[in-house]
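Report on the structure given below.
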Amino acid sequence: MNRNKTIHLEDYCPPAYLVERVNLHFDLDEAATRVKATLELRRNPATAAPRQPLVLDGNQLHLLSLHMDGRELSGEEYYRDEERLVVSEVPERFVLEVETLLNPKDNGALEGLYLSSGNLCTQCEPEGFRRITYFPDRPDVMTVYRTTLVADRERFPVLLANGNRVAHGELEGGRHFAEWDDPFPKPSYLFALVAGKLACLEDTFTTRSERPITLQIYVEAHNLDKCAHAMHALKNAMRWDEERFGLECDLDQYMIVAVDDFNMGAMENKGLNIFNSKYVLARPDTATDLDYQNIEGVIGHEYFHNWTGNRVTCRDWFQLSLKEGLTVFRDQEFSADQSARAIKRIADVRLLRTAQFAEDAGPMAHPVRPSCYEEINNFYTLTIYNKGAEVIRMMHTLLGEKGFRRGMDLYFARHDGQAVTTDDFVRAMEDAAGVDLGQFRRWYTQAGTPEIQVERRYDAASQTYSLTLRQSCPPTPGQGEKQPFHIPVSMALLDPQGQRLPLQLRGEAQPDGHSHVLSLTETQQTFEFVGVPQEPLPSLLRGFSAPVKLVCDLSDAELAFLAGHDDDAFNRWDSGQQLALRVLLRLVGDFQQGRAPGDAGALAHALANTLNDPHLEPAFKAQALLLPSEIYVAEQMERIDPSAIHQARKHLQKALARELRLLLLTVWQENVDTGPYGFEPQAVGRRSLKNACLSYLALLDEPVCVELCANQAERGGNMTDVLAALSILAQHEGTEGAAPLARFYEKWQQDPLVVDKWFTLQATSGRADAGARVRELLDHPAFNLRNPNRVRSLLGAFSTANPYHFHAASGDGYALLGDYVRRIDAFNPQLAARLVAAFNHWRRYDESRQRLMRAQLEEILERPDVSRDVAEVVGKSLGR
Ligand code: B3K
Ligand code: ZN
Numbered sequence: 041m042n043r044n045k046t047i048h049l050e051d052y053c054p055p056a057y058l059v060e061r062v063n064l065h066f067d068l069d070e071a072a073t074r075v076k077a078t079l080e081l082r083r084n085p086a087t088a089a090p091r092q093p094l095v096l097d098g099n100q101l102h103l104l105s106l107h108m109d110g111r112e113l114s115g116e117e118y119y120r121d122e123e124r125l126v127v128s129e130v131p132e133r134f135v136l137e138v139e140t141l142l143n144p145k146d147n148g149a150l151e152g153l154y155l156s157s158g159n160l161c162t163q164c165e166p167e168g169f170r171r172i173t174y175f176p177d178r179p180d181v182m183t184v185y186r187t188t189l190v191a192d193r194e195r196f197p198v199l200l201a202n203g204n205r206v207a208h209g210e211l212e213g214g215r216h217f218a219e220w221d222d223p224f225p226k227p228s229y230l231f232a233l234v235a236g237k238l239a240c241l242e243d244t245f246t247t248r249s250e251r252p253i254t255l256q257i258y259v260e261a262h263n264l265d266k267c268a269h270a271m272h273a274l275k276n277a278m279r280w281d282e283e284r285f286g287l288e289c290d291l292d293q294y295m296i297v298a299v300d301d302f303n304m305g306a307m308e309n310k311g312l313n314i315f316n317s318k319y320v321l322a323r324p325d326t327a328t329d330l331d332y333q334n335i336e337g338v339i340g341h342e343y344f345h346n347w348t349g350n351r352v353t354c355r356d357w358f359q360l361s362l363k364e365g366l367t368v369f370r371d372q373e374f375s376a377d378q379s380a381r382a383i384k385r386i387a388d389v390r391l392l393r394t395a396q397f398a399e400d401a402g403p404m405a406h407p408v409r410p411s412c413y414e415e416i417n418n419f420y421t422l423t424i425y426n427k428g429a430e431v432i433r434m435m436h437t438l439l440g441e442k443g444f445r446r447g448m449d450l451y452f453a454r455h456d457g458q459a460v461t462t463d464d465f466v467r468a469m470e471d472a473a474g475v476d477l478g479q480f481r482r483w484y485t486q487a488g489t490p491e492i493q494v495e496r497r498y499d500a501a502s503q504t505y506s507l508t509l510r511q512s513c514p515p516t517p518g519q520g521e522k523q524p525f526h527i528p529v530s531m532a533l534l535d536p537q538g539q540r541l542p543l544q545l546r547g548e549a550q551p552d553g554h555s556h557v558l559s560l561t562e563t564q565q566t567f568e569f570v571g572v573p574q575e576p577l578p579s580l581l582r583g584f585s586a587p588v589k590l591v592c593d594l595s596d597a598e599l600a601f602l603a604g605h606d607d608d609a610f611n612r613w614d615s616g617q618q619l620a621l622r623v624l625l626r627l628v629g630d631f632q633q634g635r636a637p638g639d640a641g642a643l644a645h646a647l648a649n650t651l652n653d654p655h656l657e658p659a660f661k662a663q664a665l666l667l668p669s670e671i672y673v674a675e676q677m678e679r680i681d682p683s684a685i686h687q688a689r690k691h692l693q694k695a696l697a698r699e700l701r702l703l704l705l706t707v708w709q710e711n712v713d714t715g716p717y718g719f720e721p722q723a724v725g726r727r728s729l730k731n732a733c734l735s736y737l738a739l740l741d742e743p744v745c746v747e748l749c750a751n752q753a754e755r756g757g758n759m760t761d762v763l764a765a766l767s768i769l770a771q772h773e774g775t776e777g778a779a780p781l782a783r784f785y786e787k788w789q790q791d792p793l794v795v796d797k798w799f800t801l802q803a804t805s806g807r808a809d810a811g812a813r814v815r816e817l818l819d820h821p822a823f824n825l826r827n828p829n830r831v832r833s834l835l836g837a838f839s840t841a842n843p844y845h846f847h848a849a850s851g852d853g854y855a856l857l858g859d860y861v862r863r864i865d866a867f868n869p870q871l872a873a874r875l876v877a878a879f880n881h882w883r884r885y886d887e888s889r890q891r892l893m894r895a896q897l898e899e900i901l902e903r904p905d906v907s908r909d910v911a912e913v914v915g916k917s918l919g920r
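So for the sequence shown, the working numbering puts the first residue at 41; every next one is plus one.
Written out as structure tokens, the structure is:
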């Protein structure tokens, strides 16, 4: 069995040798690429110890030759194993020439150099460069790169690498070359090359200092008509970063390449971003509003990395959130500014609560800055990215926009061109704003989701209102006891008309505004407000000011009031969700006990008020209609009962559909739009509301509603509408969905991203036969284990977004996932490790399901060649 080695932060040592510059020469070929790397090395003057051996990283490399200062090294002069190459005697300064041979065609891990749709591309973060050549493959070794690409002109007409193209030309035998120079020192994880048959959409952007920058998006020729939105988003992102953060693009040329086979979303390689085509390609008839939003967000994210990640990078991989948390915060703010801020916040919090809170409560829980790992690829998590972004957001809340901006300016002034730590970032914030973030730093070192219990008391005689907040944080693996966090709690007090009261804390001379950010730093703290003429309702954690669970004893009626009156749009939505969650949990109890299920209670009335409110945006109404997901409901339960949750949610949807039938029909009708597609927030909001109404109406089993769906599925004017209707039909038990689904596949079978949607629709269906259909689809000719998007569209969607069928009591869903995890682990460990995480919460289920899931986990771990990636996740899951 695989015995993994744990890497500890406390063992960090600066590099013994630095690379002054590197020349890379690639002789490209699908099956046999020769790489000659010329490294100018010198002993690191900062690490005193002389005579240290030179240790280079290397993985799955075929070494052809090794020269030092022009002399070939004999076998006795160096040592090599599976992970490194060691030269024990080296001078102070020297040149090393390493020649390696790669086989991109058989590289199914999609790390290092690999083949996608016949084109060659690279993925080097975090440790892929060591699959290309021997190198100090760590982010604190920054160097300048010159890259020469040589290839057959027919097969690889386009040759790209980081930086600027400084030479190109023809060679003998139908071959050609291109030479690229990147003047910015960078860590090896930001290296990239692309070679292949690609078409290009070109544009220019003029920076505010009037430098023209050439923008290029490279795709397969037949996708050229799907790049306009990505280009538009890129230009918006460039302008936005100048305006909000004063950050300009530093390159002459910014390139984006879309590839179909990619483990993640995209990669911020300096000047040459490589993207999963899912986050580039869009046309109104092939991509949904959500796709358009995701593209905007990811294009922004990778662009923003140029400063937060590339110019200032990470000292080591424990600092991953330094660049990821900060860059997610930046892309969230960018997207919020492009559309409706509250709607964006709702989406971000929804993801955090369902997926990151679950991570925090499971066996893989880790702090935003972890202190140990086995396989760093397993730490590209929601905790590092999204909780990391929340930690940045809390600093923004505590410092205010001006203070935060001063901190960012100081961070760049101090650290441009360096590889630094999260602590360096926090220190820049402290120094710029003159605040002490000592206790706040615990957000980086303590895992787990804190909980705040609220107790409220009104004293009419003295007109005082007090809020007592108690914080706690459950234990997580390796961290039994937690110290109190510094939690910013944004709040207001509302009078019976929903107006905010002026706030005056005891000890203050006069009221100070209508909302406050309370700093909760103790385990228990009481905040007392004076001059409160009547009992108010508290609006707490406004805008979700901290990534915590807040528990307050509000009654259903009070929640319904807040859902109708809170002036903080996020809290208004959240009060409605809390109410819905309560109703759902009661219904789950009813189904478990075999009682007659209760009704929707105050929820139906609250939703009706929301739908009738002329001041609310359609996008907000749509969010209000969307009930907490089965996964989020499960997250609230000690022992998860997937079947009762499913029944309860279905029951509540139907009950609401019956009660609000007429209103839903009216709102649906008011928001139907047959004009051309537009991606403005207004149009997106109207579509989302219309389709939310339709999804309720379809539950009424009235033939006319199902016909509406079938009609929209066949004749909808854009993919958003078509897919919304089709997914309703895919959930429907009747036979009406079969023909539209089949025709949809017929029509789009040449478009992989649309085919992914077709797989996901069926994988996430609640229909009784969904499990059997998933098994059928695994044998469908279009299913392809080697393509991560396709695997995620079927197996990923089934195991994470269809809890009812995945957790079928028979264990069939588990057996299916276990089987495929084992198969995929043999060639793509990163993907397998993502999939296997669906078992992480096995201890939260009944004994029978526990036994079945544990058996799968054990079988996966026993595979003789189990990868380090999968072994870490499964090992932790089993508590080993
Ligand atoms: N930095 C890349 C992550 C790639 C990691 C691969 N295991 C994507 C991003 O966050 O922008
Ligand atoms: Zn990133």
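Think of the CB as a built atom: it goes at the ideal place given N, C-alpha and C, for glycine as much as any other residue. The structure presented is a predicted model; accordingly, all values stated were derived computationally and were not measured.
{"Asked": "Burial state of Arg920, where buried means 16 or more other Cβ atoms lie within 10 Å", "Found": "exposed"}
{"Asked": "Contact check, Asn84 vs Tyr57, beta carbons under 8 Å", "Found": "yes"}
{"Asked": "Cβ separation of Leu103 and Arg124, assumed to be a contact under 8 Å, to the nearest whole Å", "Found": "Not really, about 12 Å apart at Cβ, beyond 8 Å."}
{"Asked": "Buried or exposed by the 16-neighbour rule on C-beta atoms within 10 Å, applied to Leu857", "Found": "buried"}
{"Asked": "Rounded separation between Thr489 and Arg884 - CA only", "Found": "17 Å"}
{"Asked": "Near the ligand ZN: Glu373 beta-carbon under 7 Å from a heavy atom", "Found": "no"}
{"Asked": "Residues bridged to Tyr413 [DSSP beta-bridge criterion]", "Found": "Ile47"}
{"Asked": "Contact between the stretch 683-697 and the stretch 622-630 (3+ Cβ pairs under 8 Å)", "Found": "yes"}
{"Asked": "Rounded C-alpha distance that separates Arg894 from Leu918", "Found": "8 Å"}
{"Asked": "Length of the line joining the Cα atoms of Ala395 and Leu422", "Found": "7 Å"}
{"Asked": "Member of Lys589, Val494, Arg446 and Leu643 whose CA lies at the smallest distance from the CA of Phe397", "Found": "Lys589"}
{"Asked": "Beta carbon proximity, Pro578 to chain D, threshold 8 Å", "Found": "In the structure shown, chain D cannot be found, because there is only a single protein chain."}
{"Asked": "Rounded straight-line distance, which links the Cα of Lys916 to that of Met41", "Found": "Only weak support is given to the placement of Met41: the predicted model assigns it a pLDDT of 48, under 50, and the question is left unresolved by the model."}
{"Asked": "Cβ separation of Val861 and Ala822, assumed to be a contact under 8 Å, to the nearest whole Å", "Found": "Not a contact, Cβ separation roughly 21 Å."}
{"Asked": "Extent of the continuous beta strand (DSSP E) to which Lys589 belongs", "Found": "Lys589 to Cys592"}
{"Asked": "Closer than 7 Å: Glu35 CB and nearest the ligand B3K heavy atom", "Found": "A question about residue 35 goes unanswered here, because the residues of the chain that appear run from 41 up to 920."}
{"Asked": "Sub-8 Å separation of Val297 and Tyr343 beta-carbons", "Found": "no"}
{"Asked": "Contact test: Glu116 Cβ vs the ligand ZN heavy atom, cutoff 7 Å", "Found": "no"}
{"Asked": "Spatial neighbours of Gly209 in its chain, beta-carbon cut-off 7 Å, leaving aside the 5 residues before and after", "Found": "His216 and Phe217"}
{"Asked": "Expected contact under 8 Å - CB spacing of Lys310 and Leu230 to nearest Å", "Found": "5 Å"}
{"Asked": "Beta strand (DSSP E) segment containing Val297, residue limits", "Found": "Gln293 to Val299"}
{"Asked": "Cβ-Cβ distance between Gly718 and Gln771 below 8 Å", "Found": "no"}
{"Asked": "Leu700 vs Ala644 beta-carbon contact at 8 Å", "Found": "yes"}
{"Asked": "For Cys749, three-class secondary structure by DSSP", "Found": "helix"}
{"Asked": "Sheet register partners of Ser530 (DSSP bridge)", "Found": "Val557"}
{"Asked": "Cβ neighbours of Asp331 in the same chain (closer than 6 Å, five flanking residues each side left out)", "Found": "Ala322"}
{"Asked": "Any non-hydrogen atom of the ligand B3K within 7 Å of Met677 CB", "Found": "no"}
{"Asked": "Limits of the alpha helix (DSSP H) - the one that Phe631 falls within", "Found": "Ala609 to Gln633"}
{"Asked": "In DSSP terms, what Cys240 is bridged to", "Found": "Tyr258"}
{"Asked": "Helix, strand or coil at Pro252 according to DSSP, with G and I counted as helix", "Found": "strand"}
{"Asked": "Beta-carbon proximity of His526 to Phe480, cut-off 8 Å", "Found": "yes"}
{"Asked": "Supposed close pair Arg170, Asp97 - CB separation, criterion 8 Å", "Found": "4 Å"}
{"Asked": "Residue burial classification, Ala261 (beta-carbon count within 10 angstroms, cutoff 16)", "Found": "exposed"}
{"Asked": "Reference Asp535; option with closest CA among Ser512, Glu575 and Ala500", "Found": "Glu575"}
{"Asked": "Cβ neighbours of Cys513 in the same chain (closer than 6 Å, five flanking residues each side left out)", "Found": "Gly488, Pro490 and Lys522"}
{"Asked": "Inter-stretch contact (C-beta, 8 Å, three-pair minimum) for the stretch 543-561 and the stretch 589-602", "Found": "no"}
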